Amino acid sequence: MDVPYKLATAGALALSGIIANKVVDQGWKLVTGHPSPQGEDEDQAKFAELIAFAVISGVLVTVTRRYALKGTKKFFAPRIEAAPDAS
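First residue of the sequence shown: 10, per this note's numbering; consecutive thereafter.
What follows is the structure, given as structure tokens:
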């Protein structure tokens, strides 16, 4: 794999994580009416809320990560296929 592909993949993963975090935060506030239980708020949150937030957050991060990787591979596929074998 080449350096541009690795950089694009790292950037896509970072961006997908940021986007997923923002979506979860806004969705949590919209549904529950209060901010998501992160950082100092964790001490005051109910255990069930923490579990629900962790599950929702984890699922959304995993899904966005999957599609970010898929999109990066699709974008770089012609370049990767055209590259000569290193063996």
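Even for Gly, the Cβ is constructed at its ideal location relative to N, Cα and C. Here the structure is a predicted model, which means the values were calculated and not measured.
If we ignore side chains and look at the alpha-carbon of each, how far apart do residue i and residue j end up?
i, j, result
"Lys83", "Val33", "26 Å"
"Lys15", "Arg74", "15 Å"
"Ala57", "Val72", "23 Å"
According to the Cβ coordinates, are residue i and residue j closer than 8 Å?
i, j, result
"Ile81", "Thr18", "Before going further, note that residue 81 is Thr rather than Ile in the sequence given. For Thr81 and Thr18, yes; Cβs fall inside 8 Å."
"Ala77", "Ser45", "no"
"Ala21", "Val70", "no"
What are the boundary residues of the alpha helix (DSSP H) that includes residue i?
i, result
"Gln35", "12–41"
Helix, strand or coil, according to DSSP, for residue i in the structure here?
i, result
"Lys66", "A small correction: the amino acid at residue 66 is Ser; Lys does not occupy that position in the sequence shown. DSSP places Ser66 in helix when its eight states are reduced to three."
"Pro87", "helix"
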